[in-house]
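A.B. asks: Could you have a look at this structure, given as structure tokens, before my questions?
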Amino acid sequence: MATRKRKSSPAPLHWFQRLRHRLTGRLAFFIWGALFGNAVLVQALSPWDLLTRSPESLLSQSWRSHLDGARQQLRGWGEGLADEATRLVKQRIGNWAQSPAPSQATRPTASPATTASTPTTATASSAIDSSGFAACREQFPAGRVLQPGSIGTEWAARALCSEGFAVLYSGRTKTPMVVVERLNRGRLQQAAGQERTDRFYADARVPSAQRATLADYQGSGYDRGHMAAAANQYSASGMAQSFALTNMVPQDPTNNRKVWAKLEADVRKYAQRAAGDVFVFSGPLYQGVPHLLGSSQVWVPDHLFKLVYDASSQRAWAYVLPNSADAQIQRPMDYADFVVQTQWHLLSGLPVTGGVQ
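Going by UniProt numbering, the final residue of the sequence shown carries number 357, and the count climbs one at a time with no gaps.
Put into structure tokens, the structure is as follows:
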């Protein structure tokens with residue numbers, strides 16, 4: 001007996017499928033707009049916006065900054081994981097190739113001592129176009145940026161620009177040498193509304209052989225101490241960038257959380273009262289043979305410095321603190337004394353008419 005063949009239903013139109021997927025994928029933006037309004041979305045949305053505009057263009061400026069910061073952190077984490085995996089493989093291969101026969105007695109040998117010192121030739125310069133800091137010269141007083149090329153090549157110095165600060169970085173010490181910030185009342189008022197992320201990451205802008213990793217600090221007993229304070233960052237991307245390891249030095253935990261935090265807060269209070277811009281230079285100082293941290297051999301500083309320059313009053317003063325738990329904030333020194341003690345000529349060519357009052 002013949003059976004009647006069922007008539008198959010026609011396949012849905014391709015254009016209708018694409019339209020349905022497009023609307024479904026953008027439904028979240030409509031919900032965000034209903035719940036949060038312009039805190040998330042750049043403006044009130046219409047159905048036409050959902051169909052024609054890209055998802056990222058619908059976000060407000062602050063949420064775009066959050067998105068940019070998250071992307072940069074993910075890139076740093078990925079680079080850090082890849083570098084750490086490569087390092088472990090090389091280490092295993094090297095240990096296997098260099099290991100003696102089982103019957104041979106072995107004992108560890110000390111590596112040659114390295115004499116630490118602080119660069120003595122770094123000065124501020126007005127030749128901004130020849131410097132890697134040209135993209136962030138607004139962080140420097142009168143645009144007189146530091147010149148990485150004026151420092152000996154053994155320090156592997158490089159310029160790194162971030163949104164709220166600039167870093168003169170050393171591939172030898174795996175730490176910043178000098179970090180510069182421009183503070184004022186407006187920036188600090190914006191910074192008060194930023195949420196601290198605490199998402200540390202290895203900086204992918206630096207070659208892997210010249211940078212610290214998260215593993216170097218783990219279990220070391222040292223904090224990852226900010227040179228440009230997170231509390232000074234006035235944008236989401238600047239906050240994210242402040243947790244790059246290129247902005248960190250190995251710091252005694254008590255020092256970092258108490259005396260250094262108080263010094264940062266004191267400088268912020270001054271900048272909020274100042275008539276104009278206040279420029280802050282922070283960095284590590286080394287003496288003798290350095291203590292090295294982790295497989296990357298990150299240098300642990302003996303002292304930390306913070307130089308404050310009020311461009312309006314042309315006054316400058318500085319603090320030099322031991323990197324220890326018992327460090328105390330002493331009376332600040334004048335700029336001339338700071339130069340003698342540290343050999344950093346950070347305000348070269350700028351008017352300095354007084355010190356602390």
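C-beta atoms are modelled at their ideal positions from N, C-alpha and C, and glycine is treated no differently.
Model, not experiment: these values are computed from the prediction.
Mind listing, in chain order, the continuous beta strand (DSSP E) runs of no fewer than 3 residues lying wholly within the region 238–322?
C.D. replies: 248–251, 278–285, 291–293, 298–300, 303–310 and 315–322
A.B. asks: Given this structure, state the Cα-to-Cα distance separating D129 from T153, to the nearest angstrom.
C.D. replies: Unreliable placement is indicated for D129, whose pLDDT of 33 sits below 50; the coordinate value is still reported in the next sentence. Cα to Cα, D129 sits roughly 20 Å from T153.
A.B. asks: Could you tell me which residues DSSP pairs with C161 in its beta bridges?
C.D. replies: Paired residues: A166.
A.B. asks: Within 10 angstroms of the Cβ of A316, are there 16 or more other Cβ atoms? Answer buried if so, exposed if not.
C.D. replies: buried
A.B. asks: Leaving out the 5 sequence neighbours to the left and right, which residues in its chain are closer than 6 Å to R172 when beta-carbon positions are compared?
C.D. replies: W155 and A156
A.B. asks: Measure the C-alpha to C-alpha separation of D334 and G354 and round it to an integer number of angstroms.
C.D. replies: 8 Å
A.B. asks: Using a Cβ-Cβ cut-off of 6 Å (strictly less than) and excluding sequence neighbours within five positions of F279, which residues of its own chain qualify?
C.D. replies: P141, R182 and Y309
A.B. asks: Pull up the distance between the alpha-carbon of G164 and that of N184, whole angstroms please.
C.D. replies: 12 Å
A.B. asks: Does DSSP classify L346 as helix, strand or coil?
C.D. replies: coil
A.B. asks: Could you check how far apart the C-beta atoms of D302 and P322 are, in whole angstroms? I think they sit under 8 Å.
C.D. replies: Confirmed, Cβ separation roughly 7 Å.
A.B. asks: Ignoring anything shorter than 3 residues, give me the beta strand (DSSP E) runs that lie fully in the region 184–235, in order along the chain.
C.D. replies: 223–226
A.B. asks: Helix, strand or coil: which one does DSSP assign to R182?
C.D. replies: Here R182 sits in strand by DSSP.
A.B. asks: Take the Cβ of S312 as the centre, count every other Cβ of all protein chains shown within 10 Å, and call the residue buried at 16 or more, exposed below.
C.D. replies: exposed
A.B. asks: Please classify I151 as buried or exposed, where buried requires at least 16 other C-beta atoms within 10 Å of its C-beta.
C.D. replies: Buried is the call here.
A.B. asks: Give me the Cα-Cα distance between K174 and V352, rounded to the nearest whole angstrom.
C.D. replies: 32 Å
A.B. asks: Identify which residue in G221, Q341, G193 and Q218 has its Cα closest to the Cα of N232.
C.D. replies: G193
A.B. asks: Give the DSSP-derived three-state secondary structure of D326 in the structure shown.
C.D. replies: Note: D326 maps to coil in three-state DSSP.
A.B. asks: So what does DSSP say about P176, is it helix, strand or coil?
C.D. replies: Per DSSP, reduced to three states, the secondary structure at P176 is strand.
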